[in-house]
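K.L.:
Have a look at the structure that comes next, please.
There are 6 protein chains.
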Amino acid sequence: MKIALINPNSTAGMTEKARLAAAQFAAPGTEIMASNPPDTPPSIEGHYDEAVSVPGLLAEIQKAESAGADGFVVACFDDPGLAACREIARGPVVGICEAAMHFASVIAASFSVITTLPRAVPIVEELARKYGKEHLCKKVRAADIPVLDLEEAGNAAEEKISAEISCAVLEDRSEAVILGCAGMADLAARLSAKHKIPVIDGVVCAVKLCEGIVGAGLQTSKICAFNYPRKK
Amino acid sequence: MKIALINPNSTAGMTEKARLAAAQFAAPGTEIMASNPPDTPPSIEGHYDEAVSVPGLLAEIQKAESAGADGFVVACFDDPGLAACREIARGPVVGICEAAMHFASVIAASFSVITTLPRAVPIVEELARKYGKEHLCKKVRAADIPVLDLEEAGNAAEEKISAEISCAVLEDRSEAVILGCAGMADLAARLSAKHKIPVIDGVVCAVKLCEGIVGAGLQTSKICAFNYPRKK
Amino acid sequence: MKIALINPNSTAGMTEKARLAAAQFAAPGTEIMASNPPDTPPSIEGHYDEAVSVPGLLAEIQKAESAGADGFVVACFDDPGLAACREIARGPVVGICEAAMHFASVIAASFSVITTLPRAVPIVEELARKYGKEHLCKKVRAADIPVLDLEEAGNAAEEKISAEISCAVLEDRSEAVILGCAGMADLAARLSAKHKIPVIDGVVCAVKLCEGIVGAGLQTSKICAFNYPRKK
Amino acid sequence: MKIALINPNSTAGMTEKARLAAAQFAAPGTEIMASNPPDTPPSIEGHYDEAVSVPGLLAEIQKAESAGADGFVVACFDDPGLAACREIARGPVVGICEAAMHFASVIAASFSVITTLPRAVPIVEELARKYGKEHLCKKVRAADIPVLDLEEAGNAAEEKISAEISCAVLEDRSEAVILGCAGMADLAARLSAKHKIPVIDGVVCAVKLCEGIVGAGLQTSKICAFNYPRKK
Amino acid sequence: MKIALINPNSTAGMTEKARLAAAQFAAPGTEIMASNPPDTPPSIEGHYDEAVSVPGLLAEIQKAESAGADGFVVACFDDPGLAACREIARGPVVGICEAAMHFASVIAASFSVITTLPRAVPIVEELARKYGKEHLCKKVRAADIPVLDLEEAGNAAEEKISAEISCAVLEDRSEAVILGCAGMADLAARLSAKHKIPVIDGVVCAVKLCEGIVGAGLQTSKICAFNYPRKK
Amino acid sequence: MKIALINPNSTAGMTEKARLAAAQFAAPGTEIMASNPPDTPPSIEGHYDEAVSVPGLLAEIQKAESAGADGFVVACFDDPGLAACREIARGPVVGICEAAMHFASVIAASFSVITTLPRAVPIVEELARKYGKEHLCKKVRAADIPVLDLEEAGNAAEEKISAEISCAVLEDRSEAVILGCAGMADLAARLSAKHKIPVIDGVVCAVKLCEGIVGAGLQTSKICAFNYPRKK
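Residue numbers (the working numbering), protein chains in the order written: chain A, 25 to 256; chain B, 25 to 256; chain C, 25 to 256; chain D, 25 to 256; chain E, 25 to 256; chain F, 25 to 256.
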């Protein structure tokens with residue numbers, strides 16, 4: 025099975041970090057095809073960054089489908105462009121926020137999300153509501169880290185995120201934590217061990233959910249909303 | 025007051041139709057600056073068309089702000105890219121779906137939306153839920169008309185929409201009807217007179233709502249979510 | 025265009041304050057017809073005050089319609105009697121709470137409301153839910169000011185409200201603030217400048233929304249719920 | 025225990041019909057004090073009728089409390105003025121719509137409401153949402169009967185309501201039916217026997233719920249929202 | 025009227041405490057038939073305890089119906105097995121959480137629930153959502169008391185619960201408090217007097233609600249969902 | 025990886041049918057351990073059947089965990105006892121209704137569920153609401169087939185279900201169909217091919233979702249709600 029893992033921003037280091045996380049957890053027969061568009065912003069921090077990244081993301085989806093991808097993961101926690109991707113792909117298209125929330129709802133009675141900058145908080149809150157998880161999502165917290173700081177050696181991100189996890193447990197009384205950025209994929213295991221609760225990385229969840237949907241023989245419904253775009 | 029009216033698709037005829045509707049209802053001091061991006065799809069019929077139109081829409085917003093626009097109307101009923109537009113504009117950015125639903129909620133106890141193609145139905149249903157109007161929106165109906173057919177002389181659109189309005193009244197028991205496409209702006213008055221209920225065109229509503237917000241001295245909050253995009 | 029601005033309580037000073045706010049922001053061609061019933065309570069602080077004010081409010085609506093009003097604003101933040109007013113008026117009837125929340129939802133990702141007394145808090149919370157804005161309304165705060173204190177020279181209201189705005193920004197992480205009483209209309213501009221976020225007065229929003237709906241040629245649907253009361 | 029049963033309209037025949045229903049089901053020690061205001065509309069058919077009836081209703085509540093009433097039932101299915109009544113009463117104030125919906129939710133997995141005129145439908149739909157029962161309330165149906173026709177001998181109401189019950193079972197797949205008007209209180213038992221599902225009259229439910237709350241030693245909370253109106 | 029009051033756990037002391045509370049408030053003609061299954065866990069603290077108690081509870085329901093019970097109360101705040109009980113009983117089956125929330129919604133604008141252990145908090149939150157009361161339920165608080173400690177003389181429960189009530193008033197701004205465990209039934213009156221707000225015990229509410237539904241002549245709908253289990 | 029697939033009813037034929045479906049789609053390294061309790065009802069058709077099956081289900085979960093199961097699937101579309109199972113298992117516990125709805129939400133804009141008997145309809149509707157999918161679930165349809173008829177050769181189930189799928193597409197305008205009974209697992213592929221939309225079997229979805237969660241290294245959170253049951 026081939027799964028295209030597409031990082032919508034143009035920072036190759038983040039693509040590689042996501043690829044490593046995916047590869048570590050992918051099933052034996054799964055081939056991860058990681059890519060990013062060449063000319064989107066280096067990080068996605070807000071609706072504008074999302075919007076200008078989506079055309080590049082769509083182009084990567086089309087390339088990957090031509091290259092035989094059976095399923096697709098969009099590796100940005102804002103889940104940008106999911107519905108548009110679904111129109112141009114046969115295989116399932118999975119967002120890392122939606123996957124993380126579905127997984128969290130199976131293993132925990134509630135969760136908090138820890139994201140990067142404060143401006144991402146209302147975006148994730150709106151996604152929780154869109155996905156029907158607002159009753160489970162106790163709080164969306166910002167660790168106040170610009171996305172690209174996650175890529176720098178010696179950054180203080182892990183410490184800041186760890187402090188937010190403590191608050192999520194003590195103040196929000198959440199029973200799991202979702203890391204709200206693809207760039208945090210390398211931290212999940214260590215933070216989970218430290219805090220003794222599930223710390224969930226969306227990249228891995230999305231790859232596994234995508235494997236599952238493809239493995240179940242299911243594809244995107246082409247009967248109406250997600251049919252291929254009309255020719256003009 | 026200058027209001028930029030931006031049609032995100034590239035069909036100049038639709039831009040002109042929207043401009044005429046806006047101009048007819050604009051307040052005396054309002055200047056309507058109508059435009060469309062040069063190279064977006066000729067019509068927006070689904071999420072993909074939306075996604076690839078948004079960068080062009082954003083460019084028009086920026087041009088209009090530089091040209092002194094005080095407020096902005098996005099003249100596509102899917103309300104594409106609204107949040108991204110809000111990040112790059114000072115003045116308020118109003119979608120025609122949101123404006124139509126706000127206006128309808130003031131003058132009617134419920135409403136139905138009549139849109140073009142069936143694939144637009146789930147898009148509008150999701151908008152109704154996003155805007156907290158799902159309890160007022162009795163049904164979203166498709167008249168089964170491709171958007172560009174609305175531009176052709178002698179099209180059967182008015183008849184089809186009229187038939188759907190009858191159903192909205194009799195079956196949905198709706199007390200107002202919203203026309204779910206900027207390309208229907210010219211039909212509202214005639215259909216309203218015929219069916220004796222409010223038939224609401226979103227373009228006009230959005231222009232009037234935008235005039236109102238600008239006139240109230242209000243601008244987009246720049247404190248967090250809609251702050252200007254971060255420099256990379 | 026004539027807009028009737030009706031303060032449902034009987035304190036002429038509040039009516040005049042609302043009229044001044046409305047007049048300052050009304051469009052050139054708009055005539056504001058401000059009035060209040062002669063014998064309702066001097067302030068509306070709770071459901072009982074609302075209930076006993078509504079018949080007087082309805083009489084003012086009828087008088088104003090006879091006097092040629094094209095639209096109506098009910099200038100009390102509890103939005104008392106809106107639906108009843110809609111049954112007896114042709115023109116649109118706009119509440120100041122609903123208008124403020126609609127405007128806020130266009131320019132900000134979230135908002136807090138700052139009202140007068142604690143007993144108003146559940147009333148506004150219920151309105152937010154009724155209008156489908158509960159996901160945007162982060163908190164309703166009481167500044168603990170009786171309504172009529174707002175009319176006294178040298179009152180401490182502005183200071184108390186300002187302190188609540190600071191909390192709304194820091195604790196609620198709200199991106200706009202709505203002033204939850206018609207008697208606060210004079211404070212919005214100054215507080216907005218001080219706190220650098222939109223501080224929204226419902227009176228002005230309602231007047232502008234009403235102008236917009238009238239200007240769009242729309243009237244209250246008379247097909248069912250808001251038809252004129254049945255003769256007995 | 026004394027329970028004040030107040031019909032907010034001024035039709036003594038409806039008050040008596042409600043009193044009979046209440047008396048038939050009241051517990052041995054319960055005294056039903058039935059009354060109606062002298063000068064409200066003869067029937068409540070819409071928001072305007074509600075609004076102009078509430079001051080008279082409030083006066084009856086105050087008289088009844090002075091006369092020693094331990095609890096209060098407002099016998100109009102629109103539940104007009106409940107919150108205002110709660111501010112001026114110590115004992116619990118129960119609406120017939122809310123009581124019927126609470127009772128229905130205990131004995132049935134879903135229900136339909138059958139009301140009088142179409143204009144009452146959105147009122148009841150809004151109440152279902154307000155009370156958090158919209159997921160149980162499959163449909164609100166109008167039997168298309170003016171309220172006062174229920175008072176006339178030989179009216180066709182029972183037949184029309186019976187036809188709607190059949191639709192509620194077959195089309196809505198509802199498992200109980202609520203009669204949406206105090207004037208239908210005499211029909212519940214016969215229709216229930218005929219259709220073999222619970223047919224619920226709100227007057228009886230409200231009297232029994234009120235008996236229960238009083239009997240449990242509970243009174244209206246006076247800590248904030250329902251505290252006595254502030255003296256001016 | 026005979027009401028079966030069934031404590032699903034096997035601690036006879038709790039059954040007796042619930043019986044005493046019920047008997048104190050039951051109407052003159054009501055006979056309380058209290059029982060508990062012989063071999064369920066001594067307390068219900070979580071979903072597992074619930075699940076293994078339900079078959080014993082169902083057996084008690086069947087015994088009570090054979091013994092002529094007209095209605096049934098399940099005296100555990102998690103409302104375990106309600107729907108299953110409804111399938112095998114003719115008379116209404118009332119849960120103590122649902123009854124407490126229905127009563128609270130009549131007498132107060134909002135409420136907090138104070139339960140035993142933290143693990144009960146998400147259970148009660150889910151019930152509030154299921155019953156459509158999440159907008160009224162400001163917070164579910166745990167007093168951090170194992171259920172059986174409530175049965176021991178000299179326990180500190182009352183003090184801990186009292187402290188939580190203070191928080192419910194000051195922090196949650198709740199206007200009533202529901203005691204979230206059948207084992208707290210003896211504390212309601214004293215705590216209500218101390219804190220001057222309604223402190224609501226679900227056992228009493230459920231008995232009174234059950235009396236009311238039986239007294240109204242209503243029984244569980246047998247038309248579909250709550251019909252008797254199918255014979256295999 | 026070992027996944028325990030537990031059919032809560034005692035019909036070995038259904039267990040085997042589910043095992044076959046699971047085995048056909050399981051990943052190469054997955055061992056399916058299928059079982060059913062020995063003495064639960066032969067089919068689960070309502071809340072009572074659910075309730076009396078759960079203790080047997082819990083025993084199977086415990087046996088499977090002792091036998092080294094890494095994850096668990098409860099193969100009954102009512103998702104009985106999920107939360108209780110989560111308390112006694114380390115590995116994730118997945119319900120077939122929840123898994124099917126999560127998968128459907130990724131590949132389709134809306135879905136209908138086709139279940140067996142009408143009495144299952146409100147159960148599934150409540151699950152859709154519990155899982156936050158009520159806006160995607162257009163309708164729950166009953167094919168009017170007793171569960172055990174699905175086990176008989178020459179039954180008319182496929183035809184009836186096929187007819188309901190046609191209605192789901194034409195009337196509900198759903199874009200995918202979920203088969204609402206573990207006993208329908210063998211029909212999904214054929215019906216999907218015939219109707220050209222995704223026809224989703226929950227057993228396969230749950231197995232794949234469980235594989236995914238286990239494969240992601242995630243286990244049930246033991247911090248509070250799903251901690252092991254307290255010793256008494």
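Here a beta-carbon is modelled for each residue, glycine too, at the ideal position from N, C-alpha and C.
Based on the DSSP output, what are the partners of Leu29/E in its beta bridges?
P.N.:
Its beta-bridge partners are Ala58/E and Val97/E.
K.L.:
Starting from His159/E, find everything on chain C with Cβ-Cβ shorter than 7 angstroms and list it in chain order.
P.N.:
Ordered by position in chain C, the residues that pass the 7 angstroms Cβ test against His159/E are Arg153.
K.L.:
Could you work out which residues of chain D lie near Lys256/C, taking near to mean beta carbons separated by less than 9 angstroms?
P.N.:
Per Cβ cutoff of 9 angstroms: Pro65, Pro66, Ser67, Glu69, Asp73 and Leu172.
K.L.:
Starting from Gly119/B, follow the beta strand (DSSP E) in both directions and report where the run begins and ends.
P.N.:
Gly119/B -> beta strand (DSSP E) spans Val117 to Gly119.
K.L.:
For Ser198/E, which three-state DSSP category applies?
P.N.:
Three-state DSSP puts Ser198/E in coil, outside helix and strand.
K.L.:
Report yes if the CB atom of Ile237/A is closer than 8 angstroms to the CB atom of Ile221/F, and no otherwise.
P.N.:
Not in contact: Ile237/A and Ile221/F (Cβ atoms no closer than 8 angstroms).
K.L.:
Whole angstroms are fine: how far does the CA of Gly204/F sit from the CA of Thr139/F?
P.N.:
So the two alpha carbons sit approximately 4 angstroms from each other.
K.L.:
Please confirm whether Pro146/A has its beta-carbon closer than 8 angstroms to some beta-carbon of chain C.
P.N.:
Yes, Pro146/A lies at the interface with chain C (some Cβ there is under 8 angstroms from its Cβ).
K.L.:
Specify the secondary structure class of Cys109/F as computed by DSSP and reduced to three states.
P.N.:
Three-state DSSP puts Cys109/F in a helix.
K.L.:
Straight-line CA distance for Ala167/C to Lys87/C?
P.N.:
Answer to the nearest angstrom: the Cα atoms are 35 angstroms apart.
K.L.:
Run through chain C and tell me which residues come within less than 9 angstroms of Ile30/B, C-beta to C-beta.
P.N.:
Chain C residues near Ile30/B: none, gap ~16 angstroms exceeds 9 angstroms.
K.L.:
Check whether the Cβ of Leu128/C lies closer than 8 angstroms to any Cβ atom in chain A.
P.N.:
The question names Leu, yet the displayed sequence has Ala at residue 128/C. Chain A, which has no Cβ nearer than 8 angstroms to the Cβ of Ala128/C, makes this no.
K.L.:
For Ile185/E and Val130/D, I'd like the C-alpha separation in whole angstroms.
P.N.:
For Ile185/E and Val130/D, the distance between alpha carbons rounds to 29 angstroms.
K.L.:
Find out if the Cβ-Cβ distance for the pair Ala107/B, Glu199/B is shorter than 8 angstroms.
P.N.:
No. Outside cutoff.
K.L.:
Nearest to Arg165/F by alpha carbon, out of Arg143/F, Val171/F, Arg153/F and Tyr155/F?
P.N.:
Selected option, being the one with the closest Cα: Arg143/F.
K.L.:
Can the beta-carbon of Gly226/B be found closer than 8 angstroms to that of Ile120/B?
P.N.:
For Gly226/B and Ile120/B, yes; Cβs fall inside 8 angstroms.
K.L.:
Ignore the nearest five residues each way along the sequence and tell me which others in Lys41/D's own chain have a CB closer than 7 angstroms to its CB.
P.N.:
Result list for Lys41/D: Gly207, Ala209 and Asp210, in chain order.
K.L.:
Contact defined as beta carbons within less than 8 angstroms: I believe Pro32/F pairs with Gly80/F. What is the distance between those atoms, to the nearest angstrom?
P.N.:
About 7 angstroms; that satisfies the 8 angstroms criterion.
K.L.:
Mind pulling the chain C residues with CB within less than 9 angstroms of Thr244/B?
P.N.:
Per Cβ cutoff of 9 angstroms: Val130, Ile131, Ala132 and Pro222.
K.L.:
So which residues on chain G does Gly239/A lean against when the C-beta distance must stay under 7 angstroms?
P.N.:
The structure shown contains no chain G; the protein chains it does contain are A, B, C, D, E and F.
K.L.:
Following the continuous alpha helix (DSSP H) through Ser136/A, name the residue where it begins and the one where it ends.
P.N.:
It is not in any alpha helix (DSSP H) - Ser136/A instead sits in the beta strand (DSSP E) that spans Phe135 to Thr139.
K.L.:
If we cut at 8 angstroms on Cβ distances, does Ile138/B have a partner in chain C?
P.N.:
So, not an interface residue.
K.L.:
Here's a check: name, in chain order, each residue in its chain whose Cβ is nearer than 8 angstroms to the Cβ of Pro65/B, leaving out the five neighbours to either side.
P.N.:
Excluding sequence neighbours, Pro65/B sits near Asn33, Ser34, Asp73, Val76 and Ser77.
K.L.:
So Val228/B contacts chain C; which residues on that side make the cut at Cβ distance below 7 angstroms?
P.N.:
Ordered by position in chain C, the residues that pass the 7 angstroms Cβ test against Val228/B are Ala240.
K.L.:
Could you check the C-alpha separation between Ile27/C and Thr54/B for me, to the nearest Å?
P.N.:
Cα to Cα, Ile27/C sits roughly 20 angstroms from Thr54/B.
K.L.:
Would you please verify whether the beta carbon of Gly204/F is less than 8 angstroms from any beta carbon of chain A?
P.N.:
Answer no: the Cβ-Cβ gap between Gly204/F and chain A never drops below 8 angstroms.
K.L.:
Looking only at its own chain, which residues have a Cβ that is under 7 angstroms from the Cβ of Ala93/F, when we skip the five neighbours before and after it?
P.N.:
Within the same chain, Ala93/F has close Cβ partners Lys26, Ile27, Ala28, Met57 and Gly115.
K.L.:
For Arg143/A, return the contacting residues in chain B, with the cut-off set at a CB-CB distance below 7 angstroms.
P.N.:
Correct list: Cys248, Ala249 and Asn251.
K.L.:
Consult DSSP for Ile85/F and reduce its assignment to one of helix, strand or coil.
P.N.:
DSSP places Ile85/F in helix when its eight states are reduced to three.
K.L.:
Between Pro146/B and Ser134/F, which are expected to be in contact by the criterion C-beta below 8 angstroms, what is the C-beta distance as a whole number of angstroms?
P.N.:
Indeed they touch by this definition, with Cβ atoms about 6 angstroms apart.
K.L.:
Quick check on Glu176/D: buried or exposed, where buried means 16 or more other Cβ atoms within 10 Å of its Cβ?
P.N.:
Classification for Glu176/D: exposed.
K.L.:
Smallest Cα separation from Cys229/B: which of Ser216/B, Glu122/B, Pro253/B and Ala192/B?
P.N.:
Considering only alpha carbons, the answer is Glu122/B.
K.L.:
Can you tell me whether Gly10/E is buried or exposed, with buried defined as 16 or more other CB within 10 angstroms of its CB?
P.N.:
Because chain E here runs from 25 to 256, residue 10/E falls outside it and cannot be looked at.
K.L.:
Confirm, please, whether the CB-CB distance from Gly156/C to Lys232/B is below 8 angstroms.
P.N.:
No, the pair does not count as a contact, with Cβ atoms beyond the cut-off.
K.L.:
At the 8 angstroms Cβ level, is Gly105/D part of the contact set with chain C, yes or no?
P.N.:
Closer than 8 angstroms: yes.
K.L.:
Which residue marks the beginning of the beta strand (DSSP E) containing Arg165/B, and which one marks its end?
P.N.:
Taken as a continuous stretch (DSSP letters only), the beta strand (DSSP E) holding Arg165/B covers Cys161 to Ala166.
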